[in-house]
Every structure is written in structure tokens, then in C-alpha cells.
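Heads up: the sequence shown begins at 1 in full-length UniProt numbering, then just goes up one per residue.
This report concerns only the one structure given below.
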Amino acid sequence: MRSAFSTKEEKNMKSRLVDRLLLPVHVDTVEQLGPRLRRVILTGSALAGLTWHPGQHVRLQVAPAPPALDWIVGTLRTYSIWDFDDQAMELIVFDHGEGPGAGWARTARPGDELMLLKPQGNLAVQSEARYHLFAGDETAQVSYGPMLRALPDDAQVFARVEVDSPAERIDLTPKQRQAARPGWNVDWTYRQGRSAASSQSLVEAVRSLPLPDEPGIAYLAGEARTIQLIRRHLVEERNWPRRHVRTKPFWTPGRKGLD
């Protein structure tokens, strides 16, 4: 059965749909925070009126689609939002791997123009939780920072973030603020050159945490296979219900869309 629309009409419809989904922004500021760590601030009038919840991410069009393709969304990659208002969106991005997402993080310059989708994602603080468990790698700590800032002072928090070296840490909780929160157990582990994929050292760091007997809410983010290992530990070894474990895989080696 032939379509009621011509190929040209279909392309025009798709183009209008993409125009509504993708919002134009430009790179305002780029700041090197560490050997593989960059702050990128995006600005543009299209940001006005958008809403954001701590822990949400944004998908950027890091490369357009080839002209021959009908669908013109192009190559999208996910980046966590560190902070946001209706004038600027602050990202902290990591240069890891050789995929298009890492390539954009490495080469973004002030003045670059690009398109993005509205903030999205369900990795949000669950205020009703008995306590909160955060576990992830470098890419996860960008989500964790605003989530931790959103928690009340009397929240009970356990967090383990694995990075390669201290140079790749982000200050998630200023020392004076953490000192005023006795229920917080936040620390880093260091791989020192080992692979972040299927990280047994991060799994062991979570396994060694003195968690209460009853389950809390876990927020697991970062490398996909490591997330699976930690979730398995919580569900099979600590008897957590699966619904208490929230996950967001940002990357994994060799998987298209997560590179």
C-alpha cells in the first residue's frame, strides 16, 4: 500500500517534527577541570522555559545525519547536567574512549552550534527512601552532585564513586556541608589505570558498605556492565527488591549509542 504522502512531504513532516524536538544552543564556555574533565556551558534562547530535575540528562546532537538519510536526528549522545537555569546549561563531560560522544567532549569550543533534546531521565532523588545509595564511575558523579545537593540535611547517604585518579574527582559535597551531615558516608575509590568496564573494585567497595538491613533506594550510573554487577549484588546478596534499584548506563565498550 502506497503512502498518502509523497517522499518530499514525508521528509518535510519529519523535518518539522525534528525542529520541534531538537533545540538550538551554542557553546558559551569551555573550561578544563582535569586531564580528562571539562566544563561546558551551553546557552541559547531555546533554554528558556525548560524544566530540569537534579539527576536528569540531556541528549546532544554531536554529529548530523548524512544528507541521504530521511530521518535527520543524527548522532545523539547523553550528558548529565551539573546545573541549569533558563539562561545556561552547565555540563561536566569526560573524555573517554574513541566514540562520537567522547570526540565531542574533547573538541567542543566556544561558539560551536549544536542541537539538543529537552532534559529527560528518571534518575531522580526518591524523597521517601529510608536511605540513599549512590554508586558509579566518573560519568556518574556529574548526576550525583546535583542529586546530593537536593537532599535534606538529615538524609542518610552512602556513596562510592570510582575514578582513575584524584585528578578526576568532582567536589560532590563541600567539606563544610558534609561535616554538618553526620548521616553521610561519601568516598571515592581509584582504579589507577585499570579498566572501568565490569569494575570489580567498585563492586567490592559497595559490598563493604555497612548498609542497614532494610533496603533503601540505589542510584547506579556509569558503565553498563558494572551497573549490572552492583545491581546483582544488591538483589541477590542483600535481598533488595529490584524496584529499589534505579539505573542509568551512560557507556560501555563496543556498544553503539553508548560510546
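Glycine included, C-beta positions come from ideal geometry on N, C-alpha and C.
Inset, instruction - Let me know if Asp153 comes out buried or exposed under the rule of 16 or more other beta-carbons within 10 Å of its beta-carbon. - result: exposed
Inset, instruction - Measure the CB-CB distance between Ala135 and Leu202 and report whether it falls below 8 Å. - result: yes
Inset, instruction - Give the secondary structure of Pro166 by DSSP, where H, G and I count as helix, E and B as strand, and everything else as coil. - result: helix
Legend entry - Option in Leu172, Val206, Glu236, Tyr190 with minimal Cα separation from Trp82: Leu172
Legend entry - Secondary structure of Asp70, DSSP reduced to three states: Because the pLDDT at Asp70 is just 45, under 50, the model does not fix this residue reliably, and the value given afterwards should be weighed accordingly. Coil at Asp70, not helix or strand.
Inset, instruction - Let me know the secondary structure DSSP gives His233 once reduced to three states. - result: helix
Inset, instruction - Alpha carbon to alpha carbon, how far is Met147 from Asn122? Give it in angstroms, no decimals. - result: 12 Å
Legend entry - alpha helix (DSSP H) segment containing Val206, residue limits: Its alpha helix (DSSP H) spans residues 200 to 207.
Legend entry - DSSP bridge partner residues for Val27 (one or two, in chain order): Bridge pairing for Val27: Leu42 [DSSP].
Legend entry - Collapsed DSSP secondary structure at Thr107 in the structure displayed: It is helical.
Inset, instruction - Compare the Cα-Cα distances from Ala167 to each of Val40, Pro182, Thr75, Gly193 and report the closest residue. - result: Cα-wise, what sits closest to Ala167 is Gly193.
Inset, instruction - Give the secondary structure of Tyr144 by DSSP, where H, G and I count as helix, E and B as strand, and everything else as coil. - result: helix
Inset, instruction - Kindly identify the DSSP beta-bridge partner or partners of Gln120. - result: His57
Legend entry - Cβ neighbour criterion (16 or more within 10 Å) applied to Gly199: Checking the displayed sequence, the identity of residue 199 turns out to be Ser instead of Gly. Answer is buried; the Cβ neighbour count reaches 16.
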